[in-house]
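Novice: At position 285 of the sequence shown (counting the first as 1) the number is 274 in this note's numbering, and the numbers step up by one without a gap.
Think of the CB as a built atom: it goes at the ideal place given N, C-alpha and C, for glycine as much as any other residue.
My structure is below; once you've seen it, I'll send some questions.
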Amino acid sequence: MYNAEAYAASSATSPLTSTKIKRRDPTERDVQIEILFCGICHSDLHQVRNEWSDVMPTIYPCVPGHEIVGRVTKVGSAVQKFKPGDLAAVGCMVDSDRTCPECRAGLEQFCPNLTLTYNFPDKHLGGVTYGGYSGSIVVDEHFVLRVPSNLSLAGTAPLLCAGITTYSPMRHWGVTNGKKVGVVGLGGLGHMAVKFAHALGAHVVVFTTSASKKDDALRLGADEVVLSRNSGEVQKHAGSFDFILDAVSADHDINAYIQLLRRDGNITLVGAPEKPLAVAAFALLFGRRSLSGSPIGGIAETQEMLDFCGAHNITADVEVIPIQKVNEAYDRLLKADVKYRFSIDMASLKS
Ligand code: NAP
Ligand code: ZN
């Protein structure tokens, strides 16, 4: 066991502050990683402020962070994929049972015995797992990803959650050449969704509440941008979408988007607002439309997504910040004021 520098929240209302946490010494299958960059996901904010108290109550102190890239510093004797000095990445999961049907199908995200990267029982040290707002982390090799060598590291970190969470449902629902795809909410997840849908050949329409993001949306790969508070503009797309990804972090009217789907079209919710959304039955009934959810993605698909990003030169658009600005970044996230992901330069932990 050793001490690592970290930033933690001690309650739902306290800011994140500097602290020290315990990390295990690598066991034979573990990889120890010096963390270089960690993205700030809106889920970090929901969790730190205990906004998901019904489903995943927060245990304090809470060290968030599940968009991790870094350099391997040590490996256990049975580790095969990594050696010291390699780049490596870790997303939202650090363990699962490896034996259930979901794990055997490579869908670890659905394992009933999943361990998330933070705020989940830590089988090794007791207490809960601590995430990537930290100088280092120790993770079983199975949950460590390889990083394509051509990508910027600050922009790669967000791929580990925002990337896979948008890539996976698009692959599942068959987003491809010629499909009409909507993306609701141009934040960290939404801007990755635009990049992927564009790279997969779809006609991409962004729905945003922020007029200031219009030009960016087009630059990121959108074919059309709709200001979602203008209901006349939204209505022009009624009955026309094959697939819509809803990546909004707060309460909003999802029915406005359900009725934009064509027959048998699907809207997938990846956003996880604090309060339940109201769904009007008739919007789904007429048109046999479907509403789904999707959590992150499995390890094999996460590696596929990273390799796809390497091949297409895709990274997140990031604003790099020192860890000391993390609380300010949370406040800005609530105002939809980030273009389009904060990425923490972990070297700042030492200053
Ligand atoms: P983010 O960067 O804060 O982006 C959220 C976007 O939602 C904002 O940029 C804004 O886009 C839009 N928005 C915010 N408040 C709104 C409101 N009141 N009405 C309408 N639109 C609003 O957040 P993120 O990191 O992308 O995460 C988005 C959501 O996905 C969060 O709830 C997060 O917890 C969840 N999430 C889920 C998974 C999963 O596995 N399913 C993984 C990661 C995150 P515009 O400015 O364009 O309107
Ligand atoms: Zn996340």
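#1: Output the residues surrounding the ligand ZN, defined as those with a CB atom closer than 5 Å to any ligand heavy atom, in chain order.
#2: Looking only at its own chain, which residues have a Cβ that is under 8 Å from the Cβ of MET82, when we skip the five neighbours before and after it?
#3: Please classify HIS55 as buried or exposed, where buried requires at least 16 other C-beta atoms within 10 Å of its C-beta.
#4: One question on the structure: do LEU134 and GLN292 come within less than 8 Å of each other, judged by their Cβ atoms?
#5: Per DSSP, which one or two residues make a beta bridge with SER343?
#6: Taking C-beta to C-beta, are HIS35 and LEU322 nearer than 8 Å?
#7: Would you report the Cα separation of ASP33 and PHE185, rounded to the nearest angstrom?
#8: For the alpha helix (DSSP H) holding SER0, just list the boundary residues, first then last.
#9: What do you reckon, are the CB atoms on TYR49 and ALA(-5) nearer than 8 Å?
#10: Could you say if the region 193 to 201 and the region 165 to 179 meet the contact criterion of at least three C-beta pairs nearer than 8 Å?
#11: Count the C-beta pairs between the region 109 to 121 and the region 9 to 29 that are closer than 8 Å, then say yes if the count reaches three, no if not.
#12: Output yes or no for whether 8 Å exceeds the beta carbon distance between ARG60 and ILE10.
#13: Any idea what DSSP makes of PRO90, helix, strand or coil?
#14: Below 8 Å on the Cβ atoms is my guess for GLY121 versus CYS27; work out the distance and round it to an integer in Å.
#15: For the beta strand (DSSP E) that contains VAL214, what are its first and last residues?
#16: Examine the ligand NAP and report whether any of its heavy atoms sits within less than 7 Å of the Cβ of LEU178.
#17: Considering only heavy atoms of the ligand NAP, does any lie closer than 7 Å to the CB of ILE285?
#18: Determine the contact status of MET294 and ILE126, defining contact as a CB-CB distance below 8 Å.
#19: Please tell me whether ASP334 and VAL309 are closer than 8 Å, where the distance is taken between their beta carbons.
#20: Got a sec? Which residues, its chain only, sit under 8 Å from THR62 by beta carbon, not counting five neighbours each side?
#21: Taking the alpha-carbon of VAL64 as reference, which of ALA77, GLN248 and ILE233 has the nearest alpha-carbon?
#22: I need the straight-line Cα distance from LEU234 to SER66, nearest angstrom please.
#23: Between HIS35 and the ligand NAP, is there a pair consisting of the residue's CB and a ligand heavy atom that are separated by less than 7 Å?
#24: Pull up the CB-CB distance for SER238 and GLY260, whole angstroms please, since I reckon it's below 8 Å.
#25: Using 8 Å as the threshold, is the C-beta distance between THR6 and SER141 below it?
#26: Buried or exposed: where does ASN(-8) fall if 16 or more other Cβ atoms within 10 Å of its Cβ makes it buried?
#27: On the premise that HIS180 lies in contact with LEU209, defined as a C-beta separation below 8 Å, what is that separation, rounded to the nearest angstrom?
#28: Can THR304 be considered in contact with the ligand NAP, in the sense that its beta carbon sits closer than 7 Å to one or more heavy atoms?
Specialist: On the basis of the data shown:
#1: CYS30, SER32 and CYS150
#2: GLU97, GLN98, LEU103, THR104, LEU105, THR106, PHE132, ILE285 and ILE288
#3: buried
#4: Yes, these two residues count as a Cβ contact at 8 Å.
#5: This structure does not reach residue 343, given that the chain is present from -10 up to 340, and the question cannot be answered.
#6: no
#7: 23 Å
#8: No alpha helix (DSSP H) holds SER0; DSSP gives it neither H nor E.
#9: For TYR49 and ALA(-5), no; Cβs fall outside 8 Å.
#10: yes
#11: yes
#12: no
#13: helix
#14: 4 Å
#15: 213 to 216
#16: yes
#17: yes
#18: no
#19: yes
#20: GLN21, ILE22, GLU23, PRO73 and SER125
#21: ALA77
#22: Cα to Cα, LEU234 sits roughly 43 Å from SER66.
#23: yes
#24: Rounded to whole angstroms, the Cβ separation of SER238 and GLY260 is 5 Å, and the two are in contact under 8 Å.
#25: no
#26: exposed
#27: The C-beta separation of LEU209 from HIS180 comes to about 6 Å, placing the pair in contact by the 8 Å criterion.
#28: no
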